[in-house]
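Numbering (the numbering used here), first residue to last: 9 to 478. The structure under discussion appears below in the form of structure tokens.
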Amino acid sequence: MLFTSLPFVILVLITFVIYYLPPLRSWQVLVLTTASFLFYSWEAPLLVILLILSILINVVTSYKIATGRKTSQKFWAIMGVSLNLGLLLFFKYGPLVAKTLFGGDHGSIGHFLLTIPLPIGISFFTFQGISLVVEVFRSKQPNDPFGYPEMVPDSFIEHLKNTMLFKSFFPSLVAGPIIKAHEFYPQIVPKTFAGISWQIAFRALVTGYFLKMVVADNLKDSTFWIEFPYFLKESPLTLATLLFGYSMQIFSDFAGYSLIAIGLAALFGYSLPQNFNYPYISRSFTEFWQRWHISLSTWLREYLYIPLGGNRKGNVRTYINLFVVMFLGGLWHGAAWSYAVWGSFHGLALAAERFGKNFIKLPKHPLVSIVQAVLVFSFVTVAWLLFKLPKFEHVIAYLNAMVHSHAETNFTLIAHVLTYSLPVIFYYGWYLLKRRWDKVRRYEFLIFGFLIAAIILDSGTTGTFIYFQF
Numbered sequence: 009m010l011f012t013s014l015p016f017v018i019l020v021l022i023t024f025v026i027y028y029l030p031p032l033r034s035w036q037v038l039v040l041t042t043a044s045f046l047f048y049s050w051e052a053p054l055l056v057i058l059l060i061l062s063i064l065i066n067v068v069t070s071y072k073i074a075t076g077r078k079t080s081q082k083f084w085a086i087m088g089v090s091l092n093l094g095l096l097l098f099f100k101y102g103p104l105v106a107k108t109l110f111g112g113d114h115g116s117i118g119h120f121l122l123t124i125p126l127p128i129g130i131s132f133f134t135f136q137g138i139s140l141v142v143e144v145f146r147s148k149q150p151n152d153p154f155g156y157p158e159m160v161p162d163s164f165i166e167h168l169k170n171t172m173l174f175k176s177f178f179p180s181l182v183a184g185p186i187i188k189a190h191e192f193y194p195q196i197v198p199k200t201f202a203g204i205s206w207q208i209a210f211r212a213l214v215t216g217y218f219l220k221m222v223v224a225d226n227l228k229d230s231t232f233w234i235e236f237p238y239f240l241k242e243s244p245l246t247l248a249t250l251l252f253g254y255s256m257q258i259f260s261d262f263a264g265y266s267l268i269a270i271g272l273a274a275l276f277g278y279s280l281p282q283n284f285n286y287p288y289i290s291r292s293f294t295e296f297w298q299r300w301h302i303s304l305s306t307w308l309r310e311y312l313y314i315p316l317g318g319n320r321k322g323n324v325r326t327y328i329n330l331f332v333v334m335f336l337g338g339l340w341h342g343a344a345w346s347y348a349v350w351g352s353f354h355g356l357a358l359a360a361e362r363f364g365k366n367f368i369k370l371p372k373h374p375l376v377s378i379v380q381a382v383l384v385f386s387f388v389t390v391a392w393l394l395f396k397l398p399k400f401e402h403v404i405a406y407l408n409a410m411v412h413s414h415a416e417t418n419f420t421l422i423a424h425v426l427t428y429s430l431p432v433i434f435y436y437g438w439y440l441l442k443r444r445w446d447k448v449r450r451y452e453f454l455i456f457g458f459l460i461a462a463i464i465l466d467s468g469t470t471g472t473f474i475y476f477q478f
């Protein structure tokens with residue numbers, strides 16, 4: 009069920025009305041959980057079984073950690089993390105193992121692994137489950153440095169009810185933001201209609217739907233030509249423009265989804281973490297990962313980079329840790345080695361950048377900052393080819409065509425890409441303008457009026473969100 013579909017709008021409206029009925033206030037968690045299960049089961053009801061299994065794993069293990077003997081806490085924590093990762097590895101990476109080790113021959117183990125369905129959102133709700141297990145374990149250790157709030161009540165049924173909502177919360181279920189347990193559980197309290205953050209909901213929903221429906225859904229009709237073998241018939245200028253357009257599309261698509269999720273959550277009284285903070289103005293790769301998919305990068309930092317040693321064990325170990333984390337972060341995105349290569353590119357870039365800072369001190373000047381931002385954006389944009397073209401030979405062919413193609417330039421295609429990329433450029437420009445001249449905020453109502461009109465009059469053909477595949 010897409011956020012942009014009519015059934016989804018109807019589901020949200022019905023849920024919203026029932027949710028805020030005064031006689032049903034004590035049933036709000038159940039109402040929201042029921043709507044979430046209906047949302048997830050809309051196209052593939054059987055996959056709800058996997059979601060339920062994932063919920064039960066995290067409920068039982070976290071409850072055992074919180075209420076059991078101290079001597080068994082580590083056992084249940086390891087069990088919880090292992091079972092979470094086991095489900096993710098089996099359902100998401102079974103086909104990759106089949107292609108790599110077995111060849112997927114008919115009647116073989118490889119063929120069986122290739123037939124395993126990929127449940128949408130499994131990467132997201134699995135990471136949330138791991139956060140619950142790890143955070144409950146950490147909170148039970150002496151001198152807990154994290155200061156996590158109490159998340160597990162004495163009642164197992166109450167914990168089951170809360171965890172079902174945490175794991176299935178439909179605004180973020182399919183493509184994030186990834187919510188950490190300590191961010192969500194304290195919010196599970198009765199909500200009132202008067203307590204709705206209308207401004208947050210309005211701004212997030214309008215901006216999110218504009219980025220998705222007007223920008224991303226229109227750009228996808230042009231970036232389709234990046235696919236093999238169509239790009240072989242395009243000129244270097246056309247190919248460079250298409251790649252630029254895909255960079256604008258993937259940002260608009262995913263940032264749009266995250267904003268819609270934040271807006272929907274606000275309607276039901278919940279606050280989700282910011283997931284994008286204008287990443288394409290980043291002047292370094294470190295800054296890029298502080299601005300892009302923030303919920304994933306912070307999750308990887310807290311639950312992988314720091315446990316590996318972070319930057320506390322010398323420079324060489326730090327470089328290795330950065331590479332390992334980004335390599336695994338790349339694989340998190342999909343069961344294909346192209347994603348691992350994409351993550352490796354970013355891991356090497358982060359390590360090289362950190363190494364270079366020991367020897368190169370760049371002057372602080374606006375022109376230097378602009379050059380840095382352009383270089384980072386160019387690297388990131390070229391690396392997106394590994395998302396669009398999972399086969400390495402196609403990526404190489406595309407890059408080769410960008411240099412050696414003699415095809416005629418398709419100015420119509422270029423014009424379409426630039427037209428629907430301009431709103432993203434304006435989106436970033438307005439952000440920079442507000443930082444310098446705060447008084448321009450008084451004119452934002454005009455911009456939101458334009459965004460609403462564009463959603464009504466110029467939405468592209470409906471397309472699934474890019475990150476649904478992850």
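Backbone N, C-alpha and C fix where the C-beta goes; we use that ideal spot for every residue, glycine too. These numbers were taken from a predicted model, which means no experiment stands behind them.
Discussion item. Using only the alpha-carbon positions, how far apart do residue 67 and residue 92 sit?
Written reply: If you take the alpha carbons of residue 67 and residue 92, they lie about 12 Å apart.
Worksheet entry | Exposure of residue 261, with buried meaning 16 or more beta-carbon neighbours within 10 Å | The residue is buried, with at least 16 neighbouring Cβ atoms inside 10 Å.
Worksheet entry | Best match in 473, 40, 21 for proximity to residue 266 [C-alpha to C-alpha] | Nearest C-alpha to residue 266: 473.
Worksheet item: Per the contact definition of three or more C-beta pairs closer than 8 Å, is the segment 39 to 48 in contact with the segment 12 to 26?
Response: Of all C-beta pairs linking the segment 12 to 26 to the segment 39 to 48, three or more are shorter than 8 Å, placing the two stretches in contact.
Discussion item. Just verifying my parser: in three-state terms, what is the DSSP assignment at residue 38?
Written reply: If DSSP states are grouped into helix, strand and coil, residue 38 belongs with the helices.
Worksheet entry | Option nearest residue 252 by Cα separation, candidates 423, 444, 445 | Among 423, 444, 445, the Cα nearest to that of residue 252 is on 423.
Fill in: Opening and closing residue of the alpha helix (DSSP H) in which residue 196 lies
In this chain, residue 196 is not harboured by any alpha helix (DSSP H), its DSSP state being neither H nor E.
Worksheet item: Ordered along the chain, which non-local residues of its own chain (more than five positions away) have a Cβ less than 7 Å from that of residue 286?
Response: Answer for residue 286: 299, 436, 439, listed in chain order.
Item to complete: Report the option in 17, 411, 398, 461 whose CA atom is closest to the CA atom of residue 179.
Response: Nearest to residue 179 by C-alpha distance, out of 17, 411, 398, 461, is 17.
Practice prompt. Out of 245, 183, 340, 361, point me to the one whose CA is closest to residue 5's CA.
Written response: The displayed coordinates of the chain run from 9 to 478. Any statement about residue 5 would go beyond what the structure contains.
Discussion item. By the three-class DSSP mapping on this structure, what secondary structure does residue 365 have?
Written reply: For residue 365, the secondary structure class from DSSP, reduced to helix, strand or coil, is coil.
Discussion item. Quick check on the burial criterion: 16 or more other C-beta atoms within 10 angstroms. Buried or exposed for residue 382?
Written reply: Label assigned to residue 382: exposed.
Fill in: Range covered by the alpha helix (DSSP H) that runs through residue 225
Residues 225 to 231.
Worksheet item: If we call anything under 8 Å between Cβ atoms a contact, is residue 87 one with residue 47?
Response: Cβ atoms of residue 87 and residue 47: not closer than 8 Å.
Worksheet item: What's the call for residue 379, buried or exposed, on a 16-neighbour Cβ count within 10 Å?
Response: By the neighbour-count rule (16 or more Cβ atoms within 10 Å), residue 379 is not buried but exposed.
Worksheet item: Quick one: Cα of residue 256 to Cα of residue 426, how far?
Response: Going from the Cα of residue 256 to the Cα of residue 426 covers about 10 Å.
Worksheet item: Going by the CB atoms, is the gap between residue 175 and residue 133 shorter than 8 Å?
Response: Yes, they are a contact pair.
Worksheet item: What distance in whole Å lies between the Cβ atoms of residue 250 and residue 417, which are believed to be in contact at a cut-off of 8 Å?
Response: The beta carbons of residue 417 and residue 250 sit about 12 Å from each other, so the pair does not count as a contact at 8 Å.
Discussion item. For a test of the three-state rule: what should DSSP assign to residue 350, helix, strand or coil?
Written reply: Reduced to three states, the DSSP call for residue 350 is helix.
Practice prompt. Have a look at residue 29 and residue 139 and give me their C-alpha separation to the nearest angstrom.
Written response: Answer to the nearest angstrom: the Cα atoms are 32 Å apart.
Practice prompt. Taking all protein chains shown into account, decide if residue 433 is buried (16 or more other Cβ within 10 angstroms of its Cβ) or exposed.
Written response: Exposed is the call here.
Discussion item. Quick check: what's the CA-CA separation for residue 486 versus residue 322?
Written reply: Because the chain is modelled from 9 through 478, residue 486 falls outside the range shown and cannot be assessed.
Practice prompt. State buried or exposed for residue 32, treating a residue as buried only when at least 16 other CB atoms are found within 10 Å of its CB.
Written response: Sixteen is the threshold: since fewer than 16 other Cβ atoms of the shown chains lie within 10 Å of the Cβ of residue 32, the residue is exposed.
Worksheet entry | residue 462 - containing alpha helix (DSSP H), residue span | Where residue 462 is concerned, the enclosing alpha helix (DSSP H) stretches over 452 to 465.
Discussion item. If the criterion is Cβ atoms closer than 8 Å, does the pair residue 347 and residue 336 meet it?
Written reply: No; because the gap between Cβ atoms is not below 8 Å, this pair is not in contact.
Worksheet item: Is the beta carbon of residue 181 sitting closer than 8 Å to the one on residue 271?
Response: In this structure, residue 181 lies away from residue 271, with their beta-carbon atoms at least 8 Å apart.
Practice prompt. With a threshold of 16 other CB atoms inside 10 Å of the CB of residue 411, please say whether the residue is buried or exposed.
Written response: Its Cβ having fewer than 16 others within 10 Å, residue 411 is exposed.
Discussion item. Does the contact criterion of 3 or more C-beta pairs under 8 Å hold for the segment 233 to 243 versus the segment 397 to 405?
Written reply: Yes: the two stretches touch, three or more of their Cβ pairs being nearer than 8 Å.
Worksheet entry | Supposed close pair residue 384, residue 291 - CB separation, criterion 8 Å | About 7 Å; that satisfies the 8 Å criterion.
Practice prompt. Confirm the yes/no value for this check: CB of residue 345, any heavy atom of the ligand NAP, distance under 7 Å.
Written response: Because no ligand of any kind appears in the structure shown, any question about the ligand NAP cannot be addressed here.
Worksheet entry | Residue range of the unbroken alpha helix (DSSP H) whose run includes residue 22 | Residues 14 to 27.
Fill in: CB of residue 199 within 8 Å of CB of residue 264, strictly
Using a Cβ distance threshold of 8 Å, residue 199 and residue 264 do not count as a contacting pair.
Worksheet item: Between 177, 390, 243, which lies nearest to residue 415 when the distance is taken from Cα to Cα?
Response: Comparing Cα-Cα distances from residue 415 to each of 177, 390, 243, the minimum goes to 243.
Worksheet item: Which one of 190, 129, 165 has the shortest CA to CA distance from residue 481?
Response: Outside the modelled stretch of the chain, which goes from 9 to 478, sits residue 481, for which no answer is possible.
Practice prompt. Could you have a look at residue 428 and say whether DSSP puts it in helix, strand or coil?
Written response: DSSP places residue 428 in helix when its eight states are reduced to three.
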